[in-house]
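The structure under discussion appears below in the form of structure tokens.
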Amino acid sequence: MPCVVPPGVIPGGSYLREHFGAGDVSIGVMFHHGMAPYAIPAPPPEFADAVLGDAGLDAFFLDLHAEGPAPVRSWLDEPGRTRMIGPAHDAADNAAYRLAGGSLSAWFDVVLHARNITPARPLSAATR
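For the sequence shown, position 60 (counting from the first letter as 1) is numbered 69 according to the numbering used here, and the numbering increases by one without interruption.
Given below as structure tokens:
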């Protein structure tokens, strides 16, 4: 469940960045709550997902390396937590499904955040 990156451990994405250089862009996909296909409640308030969910937008991209106000830069660069949910989720232990031990700006270049998610479904013939 928890995925904590110990100090000194190099995440796998760093090897991609080393190989592809500036052509590599790491995109974190985050959300606030929804169904996937099981119910996932709102994240704990100390998680980045909760802060981004309070932005008042249904969905957005956030460039984690863009210029910004000092408090925002500090928040993006300090160690934090975000959700790490795989094929199963126990809503009673919501906070256990996390990625910790680094900062958003170290993990990702861009975040795609959706406030509410729904299960994947096939496109209708009319939209193909």
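All C-beta atoms, glycine included, are put in the ideal place defined by N, C-alpha and C.
Within a 10 Å sphere around the beta-carbon of Arg130 sit fewer than 16 other beta-carbons, which makes this residue exposed.
Sixteen is the threshold: since fewer than 16 other Cβ atoms of the shown chains lie within 10 Å of the Cβ of Thr127, the residue is exposed. Phe40 sits buried, since 16 or more C-beta atoms from the chains shown fall within 10 Å of its C-beta. Cβ-Cβ distances below 7 Å link Gly43 to Ile49, Asn125, Ile126 and Thr127 in the same chain, with the five nearest sequence neighbours on each side left out; the list follows chain order. Following the DSSP letters along the chain, one finds Phe70 inside the beta strand (DSSP E) bounded by residues Ala68 to Asp72. Put simply, the stretch 96-110 does not touch the stretch 20-31. Fewer than three CB pairs are less than 8 Å apart. In the DSSP annotation of this structure, Phe56 is not part of any beta strand (DSSP E), being labelled neither H nor E. Counting the other Cβ atoms within 10 Å of the Cβ of Val34 gives fewer than 16, which makes it exposed. Taking all protein chains in view, the Cβ of Asp86 is surrounded by fewer than 16 other Cβ atoms within 10 Å, so the residue is classified as exposed. A distance of 9 Å or more separates the beta carbons of Val120 and Leu66.
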